[in-house]
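Asker: Submitted below is the structure of interest, expressed as structure tokens.
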Amino acid sequence: MPSTQAPFGQDTVRREMEAAVVAAGLPGGETEAGYPKPRHQAGAAATEKARKVAALAARLSPCVVTWSSDDATGASEATAAKARRQFAAMLADLGAHGWKETTPTEDVPTKNGGVYVMATYKKRGWILNARHSSMGPWVESTAMATKASCFDSLTDEETSVLEDVD
-5 MPSTQAPFGQ DTVRREMEAA VVAAGLPGGE TEAGYPKPRH QAGAAATEKA RKVAALAARL
55 SPCVVTWSSD DATGASEATA AKARRQFAAM LADLGAHGWK ETTPTEDVPT KNGGVYVMAT
115 YKKRGWILNA RHSSMGPWVE STAMATKASC FDSLTDEETS VLEDVD
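The numbering used here puts the last residue of the sequence shown at 160; the count rises by one with no breaks.
Here is the structure:
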């Protein structure tokens, strides 16, 4: 009997992440299919490594969805607390849409009075890792969903290349 379940691919994951971000009222940022553009250009010494990373990122882009809030520097304590509540609301919205929490979310205090939070969710072969940080005047939230089967087929060398990316 054919499955009546709708396909669950990159476009669906992107739409669900975008909807969760909007529902939570999180500021700025953009939900993107594929890897985000690097923030820093590699120097000449890193050219070969940069080429390997770029080739691997291009190959894996159909298996990745990312979102990142606009960096909020100079954020007040109230702004940081609001961003943390919005991050929790985003996770709750994802949970309401079938994403299952696989690692309990825990606020880890930082030395400077901030907080670091990591959450992992799964849905239909995709793994979503979300992170929220508030350290001093800086606040940022990010999420990256990856299709497990794409990453399961990586060689040890390819995995090493990804693990060494800044």
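In this text, a Cβ means the ideal position worked out from N, Cα and C, and glycines have one as well.
1. Closer than 6 Å by C-beta to Trp120: which residues in its own chain qualify, once you throw out the five before and the five after it? Chain order, please.
2. Return yes when at least one heavy atom of the ligand PLP lies under 7 Å from the C-beta of Thr149, else no.
3. Is the CB-CB distance between Ser128 and Gly108 below 8 Å?
4. Do the segment 87 to 95 and the segment 111 to 120 make contact, defined as three or more Cβ pairs closer than 8 Å?
5. So, helix, strand or coil for Leu50, using DSSP?
6. Taking Leu122 as part of the beta strand (DSSP E), name the residues at either end of that continuous run.
7. If you run the structure through DSSP and keep just helix, strand and coil, what is Ser147?
8. Are there 16 or more other CB atoms within 10 angstroms of the CB of Val16, so buried, or fewer, so exposed?
9. By a C-beta neighbour count over all protein chains shown, 10 Å radius and 16 as the cutoff for buried, is Gln80 buried or exposed?
10. Going by C-alpha to C-alpha distance, which of Ala18, Arg45 and Ala44 sits closest to Ser63?
Answerer: Once the coordinates are examined:
1. On the sequence shown, position 126 is the one that residue 120 refers to. Val7, Ala139 and Lys141, listed in sequence order.
2. The ligand PLP is absent from the structure shown, which contains no ligand whatsoever.
3. As a first step, residue 128 is located in the sequence shown; it is residue number 134 there, counting from the start. As a first step, residue 108 is located in the sequence shown; it is residue number 114 there, counting from the start. The answer is yes: Cβ separation under 8 Å.
4. yes
5. Along the sequence shown, read from residue 1 onward, the residue named residue 50 stands at position 56. Three-state DSSP puts Leu50 in a helix.
6. Residue 122 sits at position 128 when you count from the first residue of the sequence shown. That run of the beta strand (DSSP E) goes Trp120 to Met129.
7. In the sequence shown, the residue the question calls residue 147 occupies position 153. Coil, per DSSP.
8. Within the sequence shown, residue 16 is the residue found at index 22, counting from 1. Per the 10 Å Cβ criterion, exposed.
9. Position 86 of the sequence shown, counted from the first residue, corresponds to residue 80. Around the beta-carbon of Gln80, 16 or more other beta-carbon atoms lie within 10 Å, marking it buried.
10. Along the sequence shown, read from residue 1 onward, the residue named residue 63 stands at position 69. Cα-wise, what sits closest to Ser63 is Ala18.
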